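Peer 1: Here you go, one structure.
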Amino acid sequence: MRSAIFDQKNQEIQTNERWALQSDRLLRCALGPQSPEIIARAGAMVAYQGQMDFAYQGSGGGMKLLKKMATGEGANIMRVRGQGEVFFANQAEHVFLIQLEGDAITLNTKSLLAFDSSIEWDIRSLGSAGAGFFAGGFFNLFLQGQGMVAVTSDGPPLLLDCSQQPTYVDPQAAVCWSANLTPQVKNDFKMGSLIGRGSGESFQLGFHGPGFVVVQPSEGAPVVTTS
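Residues in the sequence shown are numbered from 1083 upward in steps of one, following this note's numbering.
The structure is reproduced here in C-alpha cells:
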C-alpha cells in the first residue's frame, strides 16, 4: 500500500516531553499515574492511546459555574487523567504553548485548548456595558501558577505592544493578553447604523500599559443579533 498519507511527516512524533506539538495544529500530551490531570476544552480530544478518563464539568464548580450560567460565557471544560497519550485540536486552528513560571495570563475563553491542572484558574468579568450587542470578550479565563498552557489562534497570530499607545482589539479576535492589563470596553456603536453591530466595528477591548495582547486574523463566527 502506498500513499503520501504514510509519509514520515504525518507520523506521530515520539518524545519524552509531557507537552509536544505534533504539528502547528495538533497537540500531544503524555499522562501517567503520577502526572497531574490536564484540563482541556470540552470536545478538543481528537485521539488517545492507552487508558484515559474524561470528566466533563461545565466551566468549574461553585462561583465559576454560576458565572457561566449567568452570563452564557466561559469555556466548557473536561478533566483528563490516565496513562498514555492524548491528542488535542480545535477546528484546525494553530496551537501555541505558553510556559507559566509563577506568572499569569488572561485568555479569551474561545482560545483555550488545554492546561496543567496545577495552574490556578478563574473566570473573570470585564464589565457588563453593552453585553447585549456582542458575545464573548466580557468573561475571560485568568490563569496563574506553574505549568503549561495551550492556546489556539485562527490563523497566524499578531503580538501587539500596548505600552506605547492605546491598543483597541475586536473582542472576537483577541487571543490572550498580559494579566496585569485590564481592558476597557469601548463602544463606537451609533444608533441608526446597523453596520458592524455586534462586532469589533462597534465594540472593542482597549488595552494600555506595560504588556501585550495577541490577536488572531479572524473574528470567528458572525454574531447574530435580534431586534
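Just so you know, even glycine gets a beta-carbon here, dropped at the ideal spot from N, CA and C.
Note that the coordinates shown come from a computational prediction; the quantities given were computed from them, not determined experimentally.
1) Between ALA1261 and GLN1298, is the Cβ-Cβ spacing less than 7 Å?
2) Taking the alpha carbon of ARG1110 as the reference point, which residue from ALA1137, ASP1089, ASN1172 and ALA1086 has its own alpha carbon closest?
3) Residues in its own chain within less than 7 Å of THR1097 by CB, not counting five upstream and five downstream?
4) In the structure shown, what three-state DSSP assignment does THR1191 receive?
5) Bridge partners for ALA1186 per DSSP, in chain order?
6) Tell me which residue opens and which closes the beta strand (DSSP E) that THR1264 is part of.
7) Tell me which same chain residues have a C-beta within less than 7 Å of the C-beta of ALA1137, skipping the five on either side of it?
8) Could you tell me which of HIS1176, TYR1130 and GLY1227 sits nearest to ALA1186, measuring between CA atoms?
9) So, for SER1199: in the same chain, excluding its five sequence neighbours on each side, which residues have a beta-carbon less than 6 Å away from its beta-carbon?
10) Spatial neighbours of ARG1163 within its chain, please: C-beta separation below 6 Å, excluding the five flanking residues on both sides.
11) Quick one: what does DSSP say SER1245 is sitting in, helix, strand or coil?
12) Just confirm the distance between the C-beta atoms of ALA1232 and LEU1179, as a whole number of angstroms; I'd bet it's less than 8 Å.
13) Between which two residues does the beta strand (DSSP E) harbouring ILE1095 extend?
Peer 2: So, to answer that:
1) no
2) ASN1172
3) none
4) helix
5) GLN1226
6) THR1264 -> no beta strand (DSSP E), and no H or E assigned at all.
7) MET1160 and ARG1161
8) GLY1227
9) PRO1118, GLU1119 and ILE1121
10) GLU1119 and ASP1135
11) coil
12) 6 Å
13) Counting along the chain, ILE1095 falls outside any beta strand (DSSP E), and DSSP gives it neither H nor E.
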